[in-house]
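For the sequence shown, this note's numbering gives the first residue as 251, with consecutive numbering after it.
From the three backbone atoms N, C-alpha and C, an ideal C-beta is built for every residue, glycine too.
One structure is given here, and the rest of the page talks about it.
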Amino acid sequence: MPRPERPLDNGPLAEFAAELRRLREKAGSPRYRELAQRTHYSVSTLSEAAGGKRLPTLAVTLAYVQACGGERQEWEQRWQGVTAELAAQNKSATTSNHGCESDLECPYVGLAAFEPEDADRFFGREHVVEDLLARLRDERFVALIGASGAGKSSLLRAGVVPKLRAGGARVAVCTPTQQPLEVLAAQVARHTGESAARLHGELGEDPQALHLAVLTALADEPSGTELVLLVDQFEEIFTLCRDTEQRTRFLTQLATAAEAGHSRLRVVLGIRSDFFDRCLDRPELVPALRTPALLGAMSTEELRRAITQPAVGQGCTVEGALLAEITAQAAGQVGMLPLVSHALRETWQRRRGNTLTLVGYEATGGIRHALTQTAEQLYTGFTEAQQRRARGLLVRLVAPGEGTEDTKRRITRAELDSDADTHAVLDALARARLVTVDDDGIEITHEALIRSWSRLRQWIDTDREGLRLHRELTNATTTWQHLDHDPGALYRGAQLTITRDWVHRAEPTLARRERDFLDASIAAEQREHRARVLRTRVLHGACAGLALLLVVASVTAVSVYNRGQQTLSRQLAQQARGAQNTDPAAAIRLSVQAHDTTTLDGTATAEGRSALLSTAGHLVHHGTLPSSKSVTGMNKLAFSPDGRLLASADDQVHVWDVATRRLRTRLTAPAANRTDRPAPYGAAAFSPDGTRVAASTTLNTGRIDVWRLDAPDQPVKSLPSTAEGNDLEFSADGRLLAAAGGTRIELWDLDTGRLIEALPVENGFSVSFSPDGRTLAYSASYPVGVGLWDLAARRHLPALPESYKHFDPRFSTDGRTLATMGTDGTGPIIWDLATRTPKVRIDQDMVILDFAFSPADQSLFIANADGSIDRRDHNGSGPPVRLVPARPDQGSSSMSVSATGVIAMTSWNYGSIITLWDTNRLPTRRDSGPYPEALTFSAEGRNLLGAYKAGELTTWATEQLRRDSTPLLPGTSDATLAGFSAEGRRFVAVTGADDPRHRTITVGDVATRTPIAVVTGPDTYRAVNAQGTLLATTGPDGLHVWNVEGPAARLIHTVTDVKPDAAIAFSPDSQHLATTRVDGTFGVWDLTNGRSITLPVPDGPAGDLVPRYSPNGRILAVRTATGVALWNATTRTPLGNIPGHFGRALAFSPDSQRLALATRDNAILIRDLPSRTRWAALTGTVADTPDAISTLIWSPDGTRLAAAAGNSLTLWTTDPEQATSALCDTLARDFRDPARPLPAACTRTQPPETEPELP
């Protein structure tokens, strides 16, 4: 990608570059893209030739000179002279610096991608390059798929391009940008010699234009010569190109030219992995996606080469300790390469002699913090006005993702104001290589900046929907300018209202042209309003004979009002969906307002209803506590024993009221120790009775302060500790306090304030008392990883095996087991203390950041590196239950679990915000195993019934989705639940399912768990009727229908013409049965006479038809390959078709008015059958799982809908009034904001807000 020109230093190289620039200026300052078309060299190659960074090759120099009208012979002599001068300087510097000169060019590119001219320092991907080239020899249309930061651009540009050119191929490289056809035309024209403008026109008209242009250009070349087109950052076709027609034409050109029978073009697409699904939706791309090349994380050896070889090429070395540190942190980690390269570039500037050292690397902040440190230092060095400009500029350079990660966005200089502060900010960002500036535009150098810099992520996520509104405003402004300020292009109505409100609320940084556009829109609206008022006055003064016209006008006004309300509702709903995953409070407010924005007759939009119900079932957390103002950020968290209070440690100790989300008190240092820069507290702990809080400072000359909460102004004790604040814990009786950190583990007697034990260690990390108060477990890096100390005997107990591999010990609440983490981030391991042996080794398949035992039920909570939180049984057995889905953009540093089931976690990527989850109120339960398809509500609707394990009937309480299991059939342990009757009073269980000789199908009573009827033999269970009196099975001779009203099951029907594995449905009156015939046609059998009729499905014969009858028996729905066909169940006449690609799960509401359908992307579509319109679409939560929705069940009263997908069970509210009330309760309880009143809909259902009294 193009790199910015930079100010020139003194010296021959700088002077040579300056002369090249002056030559370009004399030629009229042609754009580099124009020079590239003249020379057939890339924009970046030509830009760097005049950049003064390094001497261009002679070929590049002469091409540059010729394109600018200079004399080739004169410039060749100049180039030779500069080469001689630089060689002399290098020889001198090499002698004085022992092989590594101090101003040697850095071989690491930082955030920028490697370019073809960087091939000599591109290492680690050699085998991937060869594999891709081999694939390209066999195929003409190839896709390279990899995550952001995996190195796709560098591999294509510095790995593939030089190899292709060396083999004689012509190569063109492009990125789609906002105008993909224009870019394609410019790149191809360099090789065809024709006008780019002409080719651009042909590409938009003739699908074969690219194919013909390439054939024409290579007609006189040897038959083996081909053009290879590399389309880098292909995802821009979705993120930047908003013209769907141009997008389709671009894809058609690529596919046609590559797949033609006598094609001489080969195409490689570099695609970010999170856009793979969107590419699959495009039929033009299917040939490239059948067998894509996958680019994963570098192996350890590949990473070693990428780190060491660029330095070797400059005569330098990488210290062994540094190499080990980086490979340990980055090997096998996808997306880390830009961060590694940036950290190495910063380390290069801090190298010692000819060696890159671990000390220099650590000074940069390392892989995870070097980029943030660079960005933060730059940002904090700006003036306040420049900081506002920087924020406005950087968020402008981001395209918000829609179901994908955010991406960078290229802009032109015309989008920015030309004031001094903007220029200063842009120049500084370019010098730091955080953004790239060239003649064609400005863009963030790499998306790693978006992912890694927490301040930028916070700017984006604080108002994600506002960012989308800003992009729309920018595009609308550009259109307005292109149309010469046509009034018809101005904002009006709901769009203007929403944008104006956002500008007033968020106060974004707008460019002058955007402000002009918005001002013009407001002025036009005011003029139109005045005109409407004038027309109204004229109408009011008209004669009575115009009464009819007034009635018409009134009807028109109502229509206009309703359309405006509907548009506004849809806009609010869209904003609510955008905020769901990042700002629950905003999502609640917006969704409630969207549903409450109705037409005059009180009708809500489907979009507003969808936003309301989706938000009610998709709360990503239950509130946050304000961010820390400390430069060190928040450290350890601790709940009080009763779970009502939460302590967080930073410069002070903040004690929060968990219920009200309010600050209860601040605990500060003793008066004698208060300074302008107090020592921050690293850890805090509550006493067992909850009356005291202890906190330790992070300095080795610090202290431990202990406060009483009923007198918080001054600590009651200040202990002169040197433990450096890593961890604190009270003993069970509250008399002892253990502290870890620095060079020792300390044990204090709080009654006397005396230090009674100081165990010498290195890097003391954590402490944990056993519940009986007899043992102290601690961890340190030396002499043991995990140590056990006998408090009574004051001696060490036998250590755990290989204790040096473990740290952070935690006792279970019963004291029988101890959990530890692995020093490599693996684990935890649950130890049996009696035998000193591992009971369970937990494999989390990712790095673990923290873990904790629940005080309530001893279950184990685990915080993972991707931001997710899992819960496991207290003994660690079984798969994890995912409580909180992955949040990869939020790094976490500390987690605590309360006795009431509330999880608190710090998220340092967002300014040390504390996020809370109430596990009793999670809308989705994620169990450790898949949910069965056999699910039903109990008759009263309070519980869900199913089978979590063989031999059990499981009950999930719908209020908290808690699980309780009892034997399915007493005396039988291997019975598997197979189904329920629609009324929920009977169940079907199968024993011996894998052995037809001993198979038994039992119909039982749900309430008593007693058998009612039994069918034995080889048959397979298929369906049961609504009352539980008829059973359908399939056997060797066809479909069997059994009467199971009594103990002796009676075979009453045998149907031979039925597909054995087809779905079956009984009509509610049990008179008919619907299923698929052997030949794939769909039939309905009359069980009273055995006759059948065929219903024609829209797709013709198909093998995966799923029938469902409405509860009132009037409608038959059949899921087909392309939708859902509806018939009148009585007359067998078609009622229409619901188009779409749906899963197997579909369910009628109890009143037969609505039909719920699971889509392929795990959304739930609810159709209103009388009006044949969409009633709502439920999104989020279940869509987080890769498993398809297997079951949809309505509650008996129709106000809730249960959806099971894999191990996830979500209970949706389908009553808008209940959803509004629940969301308003949540808003008032979890997200209270005195500065913002509750939405109007909340005030109609909630009591007035009152300020709670602080204790």
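key: Residues sharing a beta bridge with residue 1271, DSSP   = Indexing the sequence shown from 1 puts residue 1271 at position 1021. Bridge partners of residue 1271: 1283.
ask   = Quick one: Cα of residue 874 to Cα of residue 1165, how far?
value = In the sequence shown, the residue the question calls residue 874 occupies position 624. In the sequence shown, the residue the question calls residue 1165 occupies position 915. Approximately 4 Å, taken between the alpha carbons.
inquiry  = Run through the DSSP bridge pairs and tell me what residue 1293 is partnered with.
reply    = As a working note, residue 1293 is residue 1043 in the sequence shown. 1280 and 1300, per the DSSP bridge assignment.
message = Would residue 1286 and residue 1268 qualify as a contact pair, given that the criterion is a beta-carbon distance under 8 Å?
response = If you number the sequence shown from 1, residue 1286 lands on position 1036. If you number the sequence shown from 1, residue 1268 lands on position 1018. Their beta carbons are under 8 Å apart, which means residue 1286 touches residue 1268 by this criterion.
task = With DSSP as the reference, label residue 1092 as helix, strand or coil.
result = Taking the sequence shown and counting its residues from 1, one reaches residue 1092 at position 842. Three-state result, residue 1092: coil.
task = Assess, as a yes-or-no matter, whether the stretch 1435–1452 is touched by the stretch 1187–1199 under the definition of 3 or more beta carbon pairs within less than 8 Å.
result = yes
ask   = What does a CB cutoff of less than 6 Å around residue 1327 pick up in its chain, not counting 5 residues either side in sequence?
value = Here the question's residue 1327 lines up with position 1077 in the sequence shown. Here the set comprises 1307 and 1333.
request  = Measure the CB-CB distance between residue 516 and residue 464 and report whether it falls below 8 Å.
outcome  = The residue labelled residue 516 in the question sits at position 266 within the sequence shown. The residue labelled residue 464 in the question sits at position 214 within the sequence shown. Contact flag unset, no.
ask   = If you compare alpha carbons, which of 848, 811 and 1280 is closest to residue 823?
value = Taking the first residue of the sequence shown as 1, we reach residue 823 at position 573. Measuring from the Cα of residue 823, the nearest candidate turns out to be 848.
message = Here's the rule I'm using: 16 or more other beta-carbon atoms within 10 Å means buried, otherwise exposed. How should residue 937 be labelled?
response = Taking the first residue of the sequence shown as 1, we reach residue 937 at position 687. Flag for residue 937 reads buried.
request  = Locate the alpha helix (DSSP H) running through residue 869, then write down its first and last residues.
outcome  = By one-based count along the sequence shown, residue 869 stands at place 619. Element bounds for residue 869: n/a, residue is neither H nor E.
message = Using 8 Å for Cβ pairs, my map puts residue 571 next to residue 594. What's the rounded Cβ distance?
response = Locating residue 571 in the sequence shown gives position 321, where the first residue counts as 1. Locating residue 594 in the sequence shown gives position 344, where the first residue counts as 1. Going by Cβ atoms, the distance from residue 571 to residue 594 rounds to 15 Å, so no, they are not a contact pair.
ask   = In the structure shown, what three-state DSSP assignment does residue 413 receive?
value = Position 163 of the sequence shown, counted from the first residue, corresponds to residue 413. Looking at residue 413 - three-state DSSP - the assignment turns out to be helix.
request  = Please work out which residues of its chain come closer than 6 Å, Cβ to Cβ, to residue 337, disregarding the five sequence neighbours upstream and downstream, and give them in chain order.
outcome  = Residue 337 sits at position 87 when you count from the first residue of the sequence shown. Note that residue 337 has pLDDT 48, beneath the 50 cutoff, so the model's placement of it is unreliable and the number below is only indicative. Once the five neighbours on either side are set aside, residue 337 has no close Cβ partner at all.
request  = Check whether the stretch 744–764 touches the stretch 677–685, counting contact only when three or more Cβ pairs, one atom from each stretch, lie closer than 8 Å.
outcome  = no
query = By Cβ distance below 6 Å, which residues in the same chain neighbour residue 999 in space, the five residues on each side in sequence not counted?
reply = Taking the first residue of the sequence shown as 1, we reach residue 999 at position 749. Excluding positions up to five away in sequence, the list reads 1006.
query = Looking at C-alpha atoms only, which residue of 550, 1316, 553 and 526 is the closest neighbour of residue 540?
reply = By 1-based counting over the sequence shown, the position of residue 540 is 290. Answer by Cα proximity: 526.
key: Minimum C-alpha distance to residue 1388 - residue among 1423, 369, 968 and 1236   = Taking the first residue of the sequence shown as 1, we reach residue 1388 at position 1138. When each option's Cα is compared against that of residue 1388, the closest is 1423.
Coarse secondary structure for residue 696, derived from DSSP in three states = Residue mapping note: residue 696 aligns to position 446 of the sequence shown, counting from 1. Of the three classes helix, strand and coil, the one that applies to residue 696 here is coil, per DSSP.
ask   = Ordered along the chain, which non-local residues of its own chain (more than five positions away) have a Cβ less than 6 Å from that of residue 581?
value = As a working mapping, residue 581 is identified with position 331 in the sequence shown. Closer than 6 Å at the Cβ level, and outside the excluded window around residue 581, lie 550 and 553.
key: Supposed close pair residue 453, residue 434 - CB separation, criterion 8 Å   = Mapped onto the sequence shown, residue 453 falls at position 203. Mapped onto the sequence shown, residue 434 falls at position 184. 6 Å between Cβ atoms; contact.
query = Are the stretch 708–719 and the stretch 657–677 touching, with three or more C-beta to C-beta distances below 8 Å?
reply = no
request  = State the start and end residues of the unbroken alpha helix (DSSP H) segment that holds residue 500.
outcome  = Taking the first residue of the sequence shown as 1, we reach residue 500 at position 250. Looking at the DSSP string, the run of the alpha helix (DSSP H) that includes residue 500 is 494–509.
task = Please report the residue range of the beta strand (DSSP E) in which residue 1322 lies.
result = Locating residue 1322 in the sequence shown gives position 1072, counting from the first residue. Residues 1322–1326.
ask   = Would residue 412 be called buried (16 or more neighbouring beta carbons within 10 Å of its own) or exposed?
value = As a position in the sequence shown, residue 412 is number 162, starting the count at 1. Buried, by the Cβ-count rule.
message = Quick check on residue 1553: does DSSP put it in helix, strand or coil?
response = Look at the range of the chain in this structure, 251 to 1505, and you will see that residue 1553 is not part of it.
task = Taking 8 Å as the threshold, find out whether the stretch 612–627 comes into contact with the stretch 656–664 through three or more Cβ pairs.
result = no
message = Can you check which of these residues, 633, 1342, 1310 and 1311, is closest to residue 1323 by C-alpha distance?
response = Within the sequence shown, the letter at position 1073 stands for residue 1323. Measuring from the Cα of residue 1323, the nearest candidate turns out to be 1342.
task = Measuring alpha carbon to alpha carbon, tell me which of 1408, 1361, 1402 and 1386 ends up nearest residue 1396.
result = As a first step, residue 1396 is located in the sequence shown; it is residue number 1146 there, counting from the start. Per the Cα distances, 1408.
inquiry  = Need the endpoints of the beta strand (DSSP E) that residue 1462 sits in, please.
reply    = Here the question's residue 1462 lines up with position 1212 in the sequence shown. Residues 1458–1463.
query = Does the beta-carbon of residue 1020 have 16 or more other beta-carbons within 10 angstroms, so that it is buried, or is it exposed?
reply = Here residue 1020 refers to the residue found at position 770 of the sequence shown. So residue 1020 counts as buried.
ask   = Which same chain residues, not among the five before or five after residue 619, have their C-beta less than 6 Å away from its C-beta?
value = Walking along the sequence shown from the start, residue 619 turns up at place 369. Within the same chain, residue 619 has no close Cβ partners at all.
Cβ distance (whole Å) where residue 727 is taken to contact residue 763 below 8 Å = Indexing the sequence shown from 1 puts residue 727 at position 477. Indexing the sequence shown from 1 puts residue 763 at position 513. Yes, they are in contact, since the Cβ atoms of residue 727 and residue 763 sit about 5 Å apart, within 8 Å.
inquiry  = Ignoring anything shorter than 4 residues, give me the alpha helix (DSSP H) runs that lie fully in the stretch 548–594, in order along the chain.
reply    = 550–563 and 570–580
ask   = residue 730 lies in the beta strand (DSSP E); which residues open and close that run?
value = For the purposes of this step, residue 730 is taken as residue 480 along the sequence shown, with counting starting at 1. Unbroken run through residue 730 is the alpha helix (DSSP H), 714–732; no beta strand (DSSP E).
Burial state of residue 895 (16 or more Cβ within 10 Å) = As a working note, residue 895 is residue 645 in the sequence shown. With 16 or more Cβ atoms within 10 Å of its Cβ, residue 895 is classed as buried.
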